[in-house]
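For reference, the structure is listed below as structure tokens.
Numbering (this note's numbering), first residue to last: 244 to 463.
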């Protein structure tokens, strides 16, 4: 099954699983994920379908208002994420901007990403998720997320659902129209925010070009 077929299935989920998703208790799923417990594959499918509806409407340069707490790489460190919420405050009381690299390297990438995604669906205006270079099919097959999904769910279906969602994450954010936030860095191909807005982000991270630069060009 390629990612186009997964996109089709998520679209069907969006159209046909509303009653299933609405009748389920998203708050219970959030509480389960907060205990570092995975949710069912069918719940992941419905969650990703709802997240897709929200994320597709967001800009490549997502507007964020202060006050906001800006967070860097999480990399599957679930208990660091819990500590961050403990110190900074829970969603929705605190407004958050997460700068990508939610998965890989740590042992709890599944729980970490799904919790953030569930919070995004539950409180879409209080949490912003932008894409990092590890939100990539190729990278996650090397650095752990692929293997973790296979180990915890017995198949790669959840990995496919999640990597489909990666394609819909914003590429950057601007706080109060003044502070530009991006996972990687700047690009010699980009001089204006409008040039970022015109990028087709709904794809695997390319190996070069402006989108690649935004996610990979770490300042030295």
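In this text, a Cβ means the ideal position worked out from N, Cα and C, and glycines have one as well. Computed from a predicted model, the values in this text were never measured in an experiment.
| Asked | Found |
| --- | --- |
| According to DSSP, simplified to helix, strand and coil, what is residue 345? | coil |
| Kindly list the residues whose CB is nearer than 8 Å to the CB of residue 256, restricted to its own chain and excluding five residues on each side of it in sequence; keep chain order. | Residue confidence for residue 256 is low, a pLDDT of 49 falling below 50, so the modelled location carries little weight and cannot support an answer. |
| To which residues of the same chain is residue 365 closer than 6 Å at the C-beta, ignoring the five residues directly before and after it? | 269 |
| Looking at C-alpha atoms only, which residue of 443, 273 and 307 is the closest neighbour of residue 419? | 307 |
| Where does residue 291 fall in DSSP's three states? | helix |
| Can you say whether residue 311 is buried or exposed, counting buried as having 16 or more other CB atoms within 10 angstroms of its CB? | buried |
| Of all the beta strand (DSSP E) runs that stay within the bounds of the segment 297-362, which reach a length of 3 or more residues? | 304-307, 312-314 and 339-341 |
| Who are residue 423's beta bridge partners in DSSP? | 417 |
| Start and end of the alpha helix (DSSP H) containing residue 406? | 400-409 |
| Kindly indicate the opening and closing residues of the beta strand (DSSP E) around residue 370. | 370-372 |
| What residue does the alpha helix (DSSP H) around residue 381 start on, and which one ends it? | 380-386 |
| Can you tell which of 442, 271 and 281 has the C-alpha that lies nearest to the C-alpha of residue 353? | 281 |
| Should residue 283 go down as buried or exposed, given a rule of 16 or more other Cβ atoms within 10 Å for buried? | exposed |
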